[in-house]
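Those protein sequence lines, which keep their order, are chains V and E.
Read in this note's numbering, the first sequence has 214 at position 214, and its numbers run on one by one without any break.
Offset between the second sequence (1-based) and this note's numbering: plus 1000.
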Amino acid sequence: MSTNNNLVLAGIDGSSLTNAVCDYAAWIATRVGAPLKLLHTIDHHPETAIKTDLTGNIGIDSRDHLLEDIIELDRQRSKLRLQQGKQILQTAKKRVIQAGIAEPFTNQRHGSLVESLIELENDIRVLVIGVRGKVHENQPDKIGAKLESIIRSLHKPILVINAEFKVPQQIMIAYDGSKAADKAVDMVANSPLYKGLTCHIVCVSHDDNNEQFRDMEIATDKLKLAGGIEVIAEKLVGKPEQMLCEYQTGHNIDMIVMGAFSHTRVRDWLLGSFTVKMLTNSHKPLFLLR
Amino acid sequence: MLFFSKKQDWLGNIRGDVLAGTVVALALIPEAIAFSIIAGVDPKVGLYASFCIAVITAFVGGRPGMISAATGAMALLMVTLVKDHGLQYLLAATLLTGVIQIIAGYLKLGSLMRFVSRSVVTGFVNALAILIFMAQLPELTHVSWHVYAMTAGGLGIIYLFPYLPLIGKSIPSPLVCITSMTAVAIYWHLDIRTVGDMGQLPDTLPVFLWPEVPLTLETLKIILPYSVPLAMVGLLESLMTATIVDDLTDTTSDKNRECKGQGFANIGAGLLGGMAGCAMIGQSVINVKSGGRGRLSTLVAGSFLLIMVVFLDEWISKIPMAALVAVMIMVSIGTFSWRSLLNLKQHPLSTNIVMIATVIVVVWSHNLALGVFVGVLLASLFFANKISHFMYVESSPDESGNIRTYRVIGQVFFNSADKFNAAFDFKEAVDKVVIDLHRAHFWDITSVTALDKVVIKFRREGAEVELIGMNEATATIVDRFGIHDKPEEIEKIMGGH
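Have a look at this one:
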């Protein structure tokens, strides 16, 4: 284990988005000058049985034999996955080296991705991860099963990848006046990542006379003051996820920066989470802040 | 938070859980009936208990995939209560058992399991297997040859049926044993005992009942001596089984939640006319083997059991006891740790004595709690004895021969105090004695008293005594945990040894 903190961490699983995840992670690492770590986790799913035997009897030392059987099955399966994971990591490592990262770290861990990320949280500067993993690979309308719990449990910026890599030129901050949105503005203003890019700050409200718009003007000034960023401010009226997606297509936005899950779970459960809607509908990477 | 369970504990393994739960339900029926007979109550008391305990632990238990129901270990403890005072007092005792177990859960007594060593656990399961087997003997004495033939045939089916091609691995062989033996008995009109002869079977769903006992101190005096060992044995077997399931599935469980869960399950059983129960080693192994991992398996086992017995009660009453005996002998064979017999040769004598003593005490007293108590006591004594070997005293005179320095190294406590005393030569005429305690640990007051005695004895012989490193040596006496739990404190106390 390396003791590096401030890592750009790329979570990869060998699915179709893995290459894009590597590219974006390499892009960030190069621009902010941070070390890059590639993480692959082997999830064992102990809650499911590998083998069912319906004979229903127990005999001499059944307990011991059963334990030995299960251990052997687990061993074979783990070994295979370990090998696969190593290959995935090797391929990814080559890719990021080509992209200009001198010494990427690789890390392979057992257990669920969420657990591993929580353990590594203190070392993370930013997490780069695909919007869906192997399980939902061929279902473009689904988001990964664990994505929400990852976003909810980590308190670091997360870049969610859902398309092939394209060097971002135009980014959009989805501004709603929340604390997380202000945090997003601060991050864009202060990070070297966004220097030289065009930043659209977009606020969508249900009616046009709104406090959010006033907050947005303060945020816009902050961005302009930071320098090195071309700022375009836009106030829109309508349904947020729809307006944002339209704006994104209309203005060739390459990446959306926004606060995530700032409402309570109860509200999200009743009305549906805005973040989840954006994750499902957006065709460009989302930079999420909590 | 007691009722909160992760979604994957319920729905992570639906197919496996439903199949395994069904297999377990089929195996639970003969067990519940057999254990009711051991306890001396109607089979319905055990069947209602098994339903209730399985369903409640599915929700509130701490170990997903573990099967709890009416058990032999518990049944053996209630025999005299049922005989002397009747069923209602058993139900009251069951309620009280549940209350005690919930209190134990909140006091986090589950962590006391760490005092129960491996050999005591082995002794426990072996004794349990022997008791289950012995409980079958009344069904096998003074009976016609038919019963022997059917029991042997039943065992044959149980162990050989799975080798049949195609169907062998898809139908639980204990079920095949029971149905074919029942068919044989009915076809030839054999005059042998059946489940129907053993008492009433459930014909309705269980109903809520408050035990009909006077709520007096007198009642408490009757049931408390039964409830306490019931609670202890229930928790012991449940926590041991939880550990076994933990090992098999490579996962962890919440032991204190399990204690509380067992308590709630027993209260539920008591209120629905069932006897006290706990986790079952054999059934839990069958569940894991059949692919059960989640809470759903336990729920399916309990509910399916009830549906079967309520709707098939006429058929169940026709099951010959010989078929049940065969299933119970299977459970007994499967529970016994045969490997522990082979291990007797390799394991140290003290370990073997602990294991065998546990077995003997249980088989003699029919009380697993007593056996575990004796086992833990013996194991602790052996351990204390082993540690006392790690103490010695070396000495050297100075050049003049007038001063002798003793260096005490190792563990001084009640068990090594005599050895400590004997290490000093009081007959030697010296002017001064130096006792260097830097590398010694004094664990208790006995060891300090022993040191005092040594000092006084030297003074009486006219020698001057100097103690070095007393503070370091007695640092271990501090009886507060917390200080000792920190690595740097342990390093300070044990450092350099």
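Note that the Cβ used here is the ideal one computed from N, Cα and C, for glycine as well.
Original post:
Along the chain, which unbroken stretches of the beta strand (DSSP E) at least 3 residues long are found entirely within the stretch 1330-1388 of chain E?
Top reply: For the stretch 1330-1388 of chain E, not a single whole beta strand (DSSP E) run of length 3 or above is found.
Subject >> Inter-residue spacing [alpha-carbon to alpha-carbon] between Ser-149/V and Ser-116/V >> reply: Within the first sequence, residue 149/V is the residue found at index 149, counting from 1. Within the first sequence, residue 116/V is the residue found at index 116, counting from 1. When rounded, the distance between both Cα atoms is 13 Å.
Original post:
Does any CB atom of chain E fall closer than 7 Å to the CB of Gly-56/V?
Top reply: For the purposes of this step, residue 56/V is identified with residue 56 of the first sequence, where counting begins at 1. Residue contact with chain E for Gly-56/V: present (Cβ-Cβ distance below 7 Å to some residue of chain E).
Original post:
What residues match up with Arg-109/V in a beta bridge as DSSP calls it?
Top reply: Against the first sequence, residue 109/V aligns to sequence position 109. The partner list for Arg-109/V (beta bridge, DSSP) reads Thr-41/V.
Subject >> Run of the alpha helix (DSSP H) containing Gln-83/V, from where it starts to where it stops >> reply: Working through the first sequence from its first residue, we reach residue 83/V at position 83. In the DSSP assignment, Gln-83/V falls within the alpha helix (DSSP H) that extends over 62-98.
**OP:** Taking 7 Å as the cut-off, decide whether the C-beta atoms of Phe-1304/E and Ala-1025/E are in contact.
**Re:** The residue labelled residue 1304/E in the question sits at position 304 within the second sequence. The residue labelled residue 1025/E in the question sits at position 25 within the second sequence. Cβ distance < 7 Å, so Phe-1304/E and Ala-1025/E count as in contact.
Original post:
Residues of chain E with a CB under 9 Å from the CB of Gly-59/V: which are they?
Top reply: Here the question's residue 59/V lines up with position 59 in the first sequence. Those are Ile-1158, Tyr-1159, Met-1330, Ile-1333 and Gly-1334, listed as they occur along chain E.
Original post:
Should Arg-95/V be labelled buried (16 or more other beta-carbon atoms within 10 Å of its own) or exposed?
Top reply: To locate residue 95/V, count along the first sequence from 1; it is residue 95. Burial call: buried.
Subject >> Local Cβ density within 10 Å of Ser-1388/E, reported as buried at 16 or more and exposed below that >> reply: As a first step, residue 1388/E is located in the second sequence; it is residue number 388 there, counting from the start. Label assigned to Ser-1388/E: buried.
**OP:** Measure the C-alpha to C-alpha separation of Asp-1254/E and Arg-1063/E and round it to an integer number of angstroms.
**Re:** Numbered from 1 along the second sequence, position 254 holds the residue referred to as residue 1254/E. Numbered from 1 along the second sequence, position 63 holds the residue referred to as residue 1063/E. Whole-angstrom Cα-Cα distance: 7 Å.
Original post:
How far does the beta strand (DSSP E) with Tyr-175/V in it reach, from first residue to last?
Top reply: Counting from 1 along the first sequence, the entry for residue 175/V is found at position 175. Segment 170-175, the beta strand (DSSP E) holding Tyr-175/V.
**OP:** Note the first and the last residue of the continuous alpha helix (DSSP H) segment covering Ser-153/V.
**Re:** In the first sequence, residue 153/V corresponds to position 153, counting from 1. For Ser-153/V, the uninterrupted alpha helix (DSSP H) run begins and ends at 147-153, by DSSP.
Original post:
Given Ala-1075/E, which residues of its chain have a CB within under 6 Å of its CB, disregarding the five upstream and five downstream residues?
Top reply: Your numbering for residue 1075/E matches position 75 in the second sequence. Closer than 6 Å at Cβ, skipping near neighbours: Phe-1035, Ile-1038 and Ala-1039.
Original post:
Given Pro-192/V, which residues of its chain have a CB within under 8 Å of its CB, disregarding the five upstream and five downstream residues?
Top reply: Sequence index remark: in the first sequence, residue 192/V carries index 192 (1-based). Once the five neighbours on either side are set aside, the close Cβ partners of Pro-192/V are Arg-31, Val-32 and Gly-33.
Original post:
Does Arg-63/V get closer than 7 Å to chain E when you measure Cβ to Cβ?
Top reply: Against the first sequence, residue 63/V aligns to sequence position 63. It does: the Cβ of Arg-63/V has a partner Cβ on chain E nearer than 7 Å.
Original post:
To which residues of the same chain is Ile-372/V closer than 8 Å at the C-beta, ignoring the five residues directly before and after it?
Top reply: Here chain V comprises residues numbered 1 to 290, so residue 372/V is not present and cannot be evaluated.
**OP:** Leaving out five residues on either side along the sequence, give the residues of the same chain with a beta carbon under 8 Å from the beta carbon of Ile-50/V.
**Re:** Residue numbering aside, residue 50/V sits at position 50 when the first sequence is read from its first letter. Cβ neighbours of Ile-50/V beyond the five flanking positions: Ile-70, Leu-73, Asp-74 and Arg-77.
Original post:
Can you find a CB in chain E that lies within less than 7 Å of the CB of Asn-5/V?
Top reply: In the first sequence, the residue the question calls residue 5/V occupies position 5. With 7 Å as the cut-off, Asn-5/V does not count as an interface residue toward chain E.
Subject >> Cross-chain neighbours of Lys-51/V in chain E, by beta carbon under 8 Å >> reply: By 1-based counting over the first sequence, the position of residue 51/V is 51. Correct list: Gly-1291.
**OP:** State yes or no: is the beta carbon of Asn-1126/E nearer than 7 Å to at least one beta carbon in chain V?
**Re:** One-based indexing of the second sequence puts residue 1126/E at position 126. It does not: the Cβ of Asn-1126/E has no partner Cβ on chain V nearer than 7 Å.
**OP:** List the residues of chain C whose Cβ lies closer than 9 Å to the Cβ of Asp-74/V, in chain order.
**Re:** No chain C is part of this structure, whose protein chains are labelled V and E.
Original post:
Does the beta carbon of Ser-2/V sit closer than 7 Å to a beta carbon anywhere in chain E?
Top reply: Numbered from its first residue, the first sequence carries residue 2/V at position 2. Unreliable placement is indicated for Ser-2/V, whose pLDDT of 43 sits below 50; the coordinate value is still reported in the next sentence. It does not; no Cβ of chain E falls within 7 Å.
Subject >> Nearest candidate by alpha-carbon position, reference Lys-284/V, set His-263/V, Ile-101/V and Met-258/V >> reply: Residue numbering aside, residue 284/V sits at position 284 when the first sequence is read from its first letter. Measuring from the Cα of Lys-284/V, the nearest candidate turns out to be Met-258/V.
Original post:
When the Cα of Val-1233/E is compared with those of Ile-1329/E, Ile-1158/E, Ile-1100/E and Asp-1246/E, which residue comes out closest?
Top reply: By 1-based counting over the second sequence, the position of residue 1233/E is 233. Nearest to Val-1233/E by alpha-carbon distance, out of Ile-1329/E, Ile-1158/E, Ile-1100/E and Asp-1246/E, is Ile-1100/E.
**OP:** Compute the distance between the beta-carbons of Pro-1138/E and Leu-1324/E, then report whether it is under 7 Å.
**Re:** One-based indexing of the second sequence puts residue 1138/E at position 138. One-based indexing of the second sequence puts residue 1324/E at position 324. One thing to note: Pro-1138/E has its Cβ no nearer than 7 Å to the Cβ of Leu-1324/E.
Original post:
Ala-1276/E and Thr-1080/E: beta carbons closer than 7 Å?
Top reply: In the second sequence, counting from the first residue as 1, residue 1276/E sits at position 276. In the second sequence, counting from the first residue as 1, residue 1080/E sits at position 80. Here Ala-1276/E is not near Thr-1080/E, since their CB atoms are 7 Å or more apart.
Subject >> Span of the beta strand (DSSP E) around Ile-256/V >> reply: Taking the first residue of the first sequence as 1, we reach residue 256/V at position 256. Following the DSSP letters along the chain, one finds Ile-256/V inside the beta strand (DSSP E) bounded by residues 255-259.
Original post:
In the stretch 1191-1278 of chain E, which residue ranges form an unbroken alpha helix (DSSP H) of at least 4 residues, counting only runs that do not cross its ends?
Top reply: Entirely contained in the stretch 1191-1278 of chain E, the alpha helix (DSSP H) runs reaching 4 residues are, in chain order, 1217-1249 and 1255-1271.
Original post:
Counting contacts by CB-CB distance shorter than 7 Å, is Asn-1385/E in contact with chain V?
Top reply: The count along the second sequence starts at 1 and reaches residue 1385/E at position 385. Residue-level contact by beta carbon fails for Asn-1385/E and chain V, as no gap is shorter than 7 Å.
Original post:
Arg-1295/E: buried (16+ other C-beta within 10 angstroms of its C-beta) or exposed?
Top reply: Residue mapping note: residue 1295/E aligns to position 295 of the second sequence, counting from 1. Arg-1295/E counts as buried, since no fewer than 16 other beta carbons sit within 10 angstroms of its beta carbon.
Original post:
Could one say the Cβ of Leu-67/V lies closer than 7 Å to chain E's Cβ atoms, at least one of them?
Top reply: In the first sequence, residue 67/V corresponds to position 67, counting from 1. Yes - at least one Cβ of chain E is within 7 Å of the one on Leu-67/V.
Original post:
Looking only at DSSP bridge pairs, what is Val-1099/E linked to?
Top reply: Within the second sequence, residue 1099/E is the residue found at index 99, counting from 1. According to DSSP, Val-1099/E shares a beta bridge with no other residue.
Original post:
Is the distance from the Cβ of Ile-161/V to the Cβ of Gly-130/V below 7 Å?
Top reply: Here residue 161/V refers to the residue found at position 161 of the first sequence. Here residue 130/V refers to the residue found at position 130 of the first sequence. Yes.
Original post:
For the beta strand (DSSP E) that contains Glu-234/V, what are its first and last residues?
Top reply: In the first sequence, the residue the question calls residue 234/V occupies position 234. 230-237 is the span of the beta strand (DSSP E), which, as asked, contains Glu-234/V.
Subject >> CB contact check: Thr-48/V to chain E, cutoff 7 Å >> reply: For the purposes of this step, residue 48/V is taken as the residue at position 48 of the first sequence. By this cut-off, Thr-48/V is an interface position.
Subject >> Cβ pair count under 8 Å reaching 3, the stretch 46-60 of chain V against the stretch 1278-1293 of chain E >> reply: Per the Cβ contact rule, the stretch 46-60 of chain V is in contact with the stretch 1278-1293 of chain E (3 or more Cβ pairs under 8 Å).
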